[in-house]
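Data block below; observations after.
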Amino acid sequence: QVQLLESGGGLVQPGGSLRLSCAASRSIFNFYTMRWYRQAPGKERELVATLTIDGRPNYADSVKGRFTISRDNAKNTVYLQMNSLKPEDTAVYYCRATWTDNYWGQGTQVTVSS
């Protein structure tokens, strides 16, 4: 079993920045691909960013150039640095760990509003 705990969400003005964290309960990055998703009210959950086990990132077109996914192996934590935030980035953000099994965090709310 793996527990994932997200943090770092909040209210930010357009153009601002936030850094989300997803802490895993044990060392998993050698095996698990890590992803960030988001779900806005009334919309389907969408993939935002992926980090493979060999450290290669991939991003949705809507966040490319603004968001950065990274990890700290020593802290068992994956991050999502979000810059130049827009109102349309408002959503609950979830992290996910995938290998032969699959785990989700509980989500953290991000609200971009003036």
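Just so you know, the sequence shown maps onto residues 11 to 124 in our numbering. Glycine is no exception: its CB is placed at the ideal position from the N, C-alpha and C atoms.
For a cut-off of 8 Å, the C-beta gap from Trp114 to Leu14 is around 7 Å, short enough to register as a contact. A Cβ-Cβ distance of about 20 Å is found for the pair Val102 and Leu61, leaving them out of contact under the 8 Å criterion. With respect to Lys96, Pro24 sits close: the two C-beta atoms are nearer than 8 Å. Residue nearest to Ile79 within the set Glu16, Met44, Gly26 is Met44 (criterion: CA-CA distance).
The residue among Phe41, Glu16, Val22 with its C-alpha nearest the C-alpha of Ser124 is Val22. Check the Cα spacing between Glu56 and each of Asp99, Arg36, Lys85: the tightest is with Asp99. Put simply, of Ala59, Phe77, Arg36, Asp64 the residue whose alpha carbon is nearest the alpha carbon of Gln11 is Arg36.
Between the alpha carbons of Pro67 and Val122 lies a distance of about 24 Å. By the C-beta density criterion, Ile63 is exposed, having fewer than 16 other C-beta atoms within 10 angstroms.
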